[in-house]
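Below is one structure, written out as structure tokens, with a few remarks after it.
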Amino acid sequence: MDENSFAGADRASDPSVSAGLSPAISPLTTPELSTALLGRYAGPCPRYTSYPTADRFAAMIAGEGSTANSEGKPWDALKDVETLSLYVHIPFCRSLCYFCACNKVITRQYGLASSYLDRVLEEARWYRERVAGVPVTQLHLGGGTPTYLNDSDLTRLVHGLQEVFNLQPGDDAEYSIEADPRVLEVETLDTLRGLGFNRLSMGIQDFNPDVQRAINRICPPEQVRALTHAARERGFRSISYDLIYGLPGQDVASLERTIDTVIDLAPDRIALYHYAHLPHRFKAQRLISSDLIPSPESKIAMQLAAARRLTDAGYLFLGVDHFSRPDDPMAAAAARGQLARNFQGYTLMPADALVGLGASAISYSRDGYWQNHHGQKEYASAIATGGQAICRGWQLDDDDRLRQWMIMELMCHLRLDKRAIVLRTGVPFEQYFAAELERLQPLIADGLLRDNVDDLEVTERGRWFLRNIAAAFDRYLHGSDPQAQYSRVL
Ligand code: SF4
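What follows is the structure in structure tokens.
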């Protein structure tokens, strides 16, 4: 589709926006979304890219098979998987964005990145026997800034991964990379496409020059436009932009101007994240004056305005910050009830397991999660000692598995079949989840959820509060150890 024909497209004439679609992608309407309602659910809440959430992981050491909550090695289940996702964390960045809460290393010493790659490839070899021959249907490079790597090292990385893993060729597999448009040459797009990458995710945040200065991330829209065109010309079939609201100096009018520019550029997918200002936890954020942070009311107004602008232009709201064009496969997957969720948010191709390589990377299998050391020194030393860097994780028990499935159902399919739960537990839903249903009463009263005889059903309004709905089923959030500090919803 020509990108200009998308902006302001007549949604009524678009067949994918007609009746009969899953409620997950019905056109977004925002009636009765009052400031008071949004404010009521704006407090800290996990994003549920995993369950249990990563802050609950306990010490876990490869070779000893021990966790705080049970004995076991979740990576043993890799031998039974039929498809695999691969994630590689590239933590290096050329300069510091003041809002950043990622695991990153700001450096101009390129040699650090090159030797880090040696370690990542060493770690990959630790998995060789464990995943022998399993088709890898999804590869994602995240960061940090994966495009910090030069073309030769990007090639070295992918070729090195190919020596260990069975990376599937062609566009049936999903090869995606997070790109910083300030650190991406058009020639690198050729290299990436040649290596099989077909999805590009660009961190935009905001186009307003004042906001860009306040967060130390200057990137003119022309640069993004040129890269977007170049990526399309080279056959990248999905381009995604990350935007943030609640940044210093932002207001509704300036964010709307950014959204208008974005709509003009017509990315296939958009993630619109809330900025959580937590300077006590993230050192970089201390460089932002708290006086410049918009008020909670202003953030709510921004979220509403941005979402309305996007949906008026034809984008579909998938839930939890994510929008897609109606012709994007993500919209079709939502319509078929085939969306899933992983650490990158919504995904089309959930594999049976994920292997995460690099500092702080998280992996999972049907039996649980495991995560690498966060710091460069610890990661390097662990790889040098044992070829892997696992330090914490979680072995799932039956109750975890049940709740994990329920949270995914609610967040991806907006419905929870009570009968399926009775089949799994042998106990009536209302009995097993009496405390959870009690917690949900205010949300039901607010019209976010319907408690039907056979299912729980997220309403149109409830799609804005999927994190809050899911949180009702989080056993650990409501347990005796409220240790976690989550970002606010708004
Ligand atoms: S926002 Fe991205 S580019 Fe900026 S410092 Fe953080 S990881 Fe690096």
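In the working numbering, the protein residues as written are 106 to 595. Don't be surprised by glycine CBs; every beta carbon is placed ideally from N, CA and C.
Run through the DSSP bridge pairs and tell me what I195 is partnered with. G248
Nearest-angstrom Cα distance between R524 and I166? 38 Å
Touch check for the region 386-401 and the region 482-495: three-plus C-beta pairs under 8 Å? Taking 8 Å as the limit for Cβ pairs, the verdict is that the region 482-495 does not touch the region 386-401.
Going by the C-beta, is G308 closer than 7 Å to any heavy atom of the ligand SF4? yes
Thinking C-beta only, is Q310 closer than 8 Å to R322? In this structure, R322 lies near Q310, with their beta-carbon atoms less than 8 Å apart.
Can you tell me whether P322 sits near the ligand SF4, meaning its C-beta is under 7 Å from at least one heavy atom of the ligand? The sequence as given places Arg at residue 322; Pro does not occur at that position. For the ligand SF4, a non-hydrogen atom lies closer than 7 Å to the CB of R322.
Please name the residue, chosen from H518, Y537 and R520, that lies closest to V527 on a Cα-to-Cα basis. Ranked by Cα distance from V527, the options H518, Y537 and R520 are led by Y537.
Buried or exposed: where does R287 fall if 16 or more other Cβ atoms within 10 Å of its Cβ makes it buried? buried
Beta bridge counterpart(s) of E565 as assigned by DSSP: E565 pairs with nothing; no bridge assigned.
Across the region 396-413 and the region 530-545, are there enough close Cβ pairs to call them in contact, namely three or more that are closer than 8 Å? Because the criterion of three Cβ pairs below 8 Å is not met, the region 396-413 and the region 530-545 do not touch.
So, for N208: in the same chain, excluding its five sequence neighbours on each side, which residues have a beta-carbon less than 8 Å away from its beta-carbon? H194, P196, G249, A464, S465 and H479
In chain order, what residues of the same chain have a beta carbon less than 6 Å from the beta carbon of C496, not counting five sequence neighbours either side? The residues are H478.
Identity of the residues DSSP links to W475 by a beta bridge: S468 and G498
Looking at the structure shown, is D119 part of a helix, part of a strand, or coil, going by DSSP? Confidence in D119 is poor, its pLDDT being 29 and thus under 50, which makes the residue's placement unreliable; the coordinate value appears in the next sentence. Coil.
Quick one: what's V210 bridged to in DSSP? F197
Once DSSP output is grouped into helix, strand and coil, what is the label at M454? coil
Starting from the N-terminal end, write out each residue whose C-beta falls within a distance shorter than 6 Å of any non-hydrogen atom of the ligand SF4. C198, L201, C202, C205, C207, K209, G248, G249, T250, D285 and G308
Going by beta carbon distance, what residues of the same chain come within less than 6 Å of M407, once the five residues before and after it are set aside? Y350, V357 and L360
Which stretch, first to last residue, makes up the alpha helix (DSSP H) that contains S155? No alpha helix (DSSP H) holds S155; DSSP gives it neither H nor E.
Verify whether the separation of the beta carbon atoms of S306 and A336 is less than 8 Å. Not in contact: S306 and A336 (Cβ atoms no closer than 8 Å).
Which one of A229, G442 and H385 has the shortest CA to CA distance from G491? Here the closest residue by C-alpha is A229.
Using C-beta distances below 6 Å, list every residue in its chain close to T158, excluding the 5 sequence neighbours before and after it, in chain order. P151
Can you tell me whether E482 is buried or exposed? The criterion is at least 16 other CB atoms within 10 Å of its CB, across all chains shown. Reading off the sequence, residue 482 comes out as Lys, not Glu. Counting of Cβ neighbours within 10 angstroms places K482 among the exposed residues, the total staying below 16.
Can you tell me whether DSSP reads N321 as helix, strand or coil? coil
By how many angstroms is the C-alpha of N447 removed from the C-alpha of S429? 17 Å
Identify, in the order they occur along the chain, each residue of the same chain with its Cβ nearer than 7 Å to the Cβ of G354, setting aside the five sequence neighbours on each side. D315, V316, A319 and L397
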